[in-house]
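In this note's numbering, the protein residues as written are 57 to 199.
Take a look at the structure:
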């Protein structure tokens with residue numbers, strides 16, 4: 057827990073400005089390919105229609121998000137010009153908004169309202185996807 061008067065906590069508690077949705081992807085099956093779509097139907101009962109987590113009403117991770125800015129940072133660490141969203145296996149890619157500051161808040165995307173409940177750590181599929189794409193996710197060197 058952060059000190060309530062710390063600069064970081066004040067930043068996280070501050071107002072969040074508008075961002076934008078830049079990419080939508082659906083995962084039809086576990087370890088299956090992620091398909092890019094132009095639009096998707098989201099409902100409290102079914103989650104994201106067409107996604108493997110759809111239909112799990114009330115469950116965690118009905119929709120997963122990642123910030124384009126975080127993708128750019130990860131690409132830089134991996135010495136790649138970019139990381140295509142399909143490799144990272146998330147549903148929504150945002151731009152211009154701090155997703156960490158949205159924890160325990162509700163956010164509108166299109167006509168839907170999402171409740172951000174926490175972080176979504178990298179899935180095992182990320183490593184497999186990155187390796188298949190020719191990237192070694194972690195390299196240790198000895199001097």
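Glycine residues also receive a C-beta, built at the ideal position from the N, C-alpha and C atoms.
Backbone CA spacing between residue i and residue j [nearest angstrom]
i: residue 156; j: residue 98; result: 22 Å
i: residue 74; j: residue 154; result: 10 Å
i: residue 94; j: residue 60; result: 41 Å
Sequence-distant residues of the same chain with beta carbon closer than 8 Å to residue i, five excluded per side
i: residue 78; result: 124, 149, 150, 151
i: residue 127; result: 138, 139, 141, 144, 149
Beta-bridge partners of residue i, as assigned by DSSP
i: residue 91; result: 82
i: residue 66; result: According to DSSP, which records beta bridges pairwise, residue 66 is partnered with nothing at all.
6 Å CB neighbourhood of residue i in its chain, flanking five on each side removed
i: residue 106; result: 82
i: residue 161; result: 172
i: residue 195; result: Low local confidence applies: a pLDDT of 46 at residue 195 is under 50, so the model's placement there is unreliable, and no value is given.
Contact set for residue i: own chain, Cβ-Cβ below 7 Å, skip 5 residues either direction
i: residue 58; result: 64, 65
i: residue 168; result: 98
i: residue 86; result: 108
Under 8 Å, with one C-beta from each stretch per pair, do the region 81-97 and the region 136-147 reach the 3-pair mark? yes
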